[in-house]
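Visitor: My numbering numbers the first residue of the sequence shown as 34 and each following residue consecutively. Built from N, CA and C at the ideal position, the CB exists for glycine as well. First the structure, then my questions, so here it is.
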Amino acid sequence: MVDLAAVLDDLAAEGAALDRLVGELAPQAWATPTPAPGWTIAHQIAHLAWTDDRVRLAATDPTGFAAAVAEAAADPDGFVDRGAERGAAAAPERILAGWRAGRDAVAKVLAAVPAGGRLPWYGPPMSAASMAGARIMETWAHGQDVADTLGVRLPPTARLRHVARIGVRARDYAYSVHGLRPPEREFRIELSGGPEVGGAWTYGPEDAAERVTGPLLDFCLLVTRRRHADDLAVRAHGAEAVRWLDITQSYAGPPGPGRAPGQFA
């Protein structure tokens, strides 16, 4: 059984890591463009705050969340960008304060979800632990955009295991987004933490014909589409595994353009 309190601790730590990057930025720095086309640092943090608000709605206001789902259905390719754009129009200090308050609210509402309870979401309902893991993934991915913008290297941590797990579980979704039929058999995924993190994480049957191997950090950069596969030490063994590395994504919605090869060389 997943330890919800431990996952929430990891979520708090991931939020604090990003907060250290943006908490002392000068107001004008929030307008700096990030690698995500059309998004500034303000957009990145406003998006996280917007999504946190949707988590709160899902946990506490089913009617309000149903309205948010209807809004998304009316503009499936644009509702996320519109939410970020509205939030980014606020003053930086308000964006930061709103994001901090939202992080606290998410921790409280997820901790209060009854054991076995599930929250409605834009896709299938999610457990509180799965929702917290998804928030870790998003916080880290958008934090990577901010770090790349500021020229800062984010040291890998064991919290990346949450990102990797979602990337593995989202394999079939990535195929479907591209109009492809997912393979029937599972892949074997073998990831190493490296000298900074240590440990190893494996998924799927040991005798799987299709395999993916590489560093935990590189795999997470790949499944969140923050780096191009050509720039990473992730290796695929088998035709389907090779194809998956071209289309993989850990988040819902359109895949977007991703990052160009050599963009962060």
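Determine the extent of the beta strand (DSSP E) in which Glu219 is found, giving its start and end residues.
Guide: From DSSP, Glu219 is part of no beta strand (DSSP E); its letter is neither H nor E.
Visitor: Return the residue from the list Ile78, Glu219 and Ala162 that minimises the CA-CA distance to Gln177.
Guide: Considering only alpha carbons, the answer is Ile78.
Visitor: On the criterion of 16 or more Cβ atoms from any shown chain inside 10 Å, does Ala122 qualify as buried, or is it exposed?
Guide: With fewer than 16 Cβ atoms within 10 Å of its Cβ, Ala122 is classed as exposed.
Visitor: Output the distance between the C-alpha atoms of Leu183 and Asp240, rounded to the nearest integer angstrom.
Guide: One C-alpha to the other measures close to 43 Å.
Visitor: Use the C-beta contact count for Ser209: other C-beta atoms within 10 angstroms, 16 or more gives buried, fewer gives exposed.
Guide: Ser209 comes out exposed.
Visitor: Over the uninterrupted beta strand (DSSP E) stretch that includes His270, give me the two end residues.
Guide: Note, His270: beta strand (DSSP E), Arg268 to His270.
Visitor: So is Leu213 buried or exposed if we call it buried at 16+ other beta carbons inside 10 Å?
Guide: Counting Cβ neighbours within 10 Å, Leu213 comes out exposed, since fewer than 16 surround it.
Visitor: With distance defined between alpha-carbon atoms, name the residue in Pro60, Thr65 and Pro125 nearest to Ala82.
Guide: Per the Cα distances, Pro125.
Visitor: So what does Thr73 bridge to, in DSSP terms?
Guide: Paired residue(s): Pro66.
Visitor: Sort Met159, Ala262 and Ser283 by Cα distance to Pro294 and report the nearest one.
Guide: Comparing Cα-Cα distances from Pro294 to each of Met159, Ala262 and Ser283, the minimum goes to Ala262.
Visitor: By DSSP, does Pro248 sit in helix, in strand, or in coil?
Guide: Pro248: strand per DSSP, three-state reduction.
Visitor: For Trp83, which of helix, strand or coil comes out of DSSP?
Guide: Trp83: helix per DSSP, three-state reduction.
Visitor: Which of the three DSSP states is assigned to Arg168 in this structure?
Guide: Here Arg168 sits in helix by DSSP.
Visitor: For the alpha helix (DSSP H) containing Ala191, list its first residue and its last residue.
Guide: First-last for Ala191: undefined, no H or E at that position.
Visitor: According to the Cβ coordinates, are Val88 and Ala162 closer than 8 Å?
Guide: Contact: no.
Visitor: With H, G and I counted as helix, E and B as strand and the rest as coil, what does DSSP make of Leu51?
Guide: DSSP places Leu51 in helix when its eight states are reduced to three.
Visitor: If you follow the beta strand (DSSP E) that Trp154 is in, where does it begin and where does it stop?
Guide: Segment: none, Trp154 is in no beta strand (DSSP E) and carries neither H nor E.
Visitor: Taking just the CA atoms, how far does Gly231 sit from Ala100?
Guide: Distance between the alpha carbons of Ala100 and Gly231 is about 44 Å.
Visitor: DSSP puts Thr235 in a beta bridge; with which residues?
Guide: Partner(s): Glu223.
Visitor: Starting from the Cα of His175, find the closest Cα among Glu229, Arg258, Arg151 and Gly111 and give me that residue.
Guide: The residue with the shortest Cα to Cα distance from His175 is Arg258.
Visitor: My understanding is that Gly227 touches Pro248, with C-beta atoms under 8 Å, so please give their C-beta distance in whole angstroms.
Guide: Yes, Gly227 and Pro248 are in contact; Cβ-Cβ is about 5 Å, under 8 Å.
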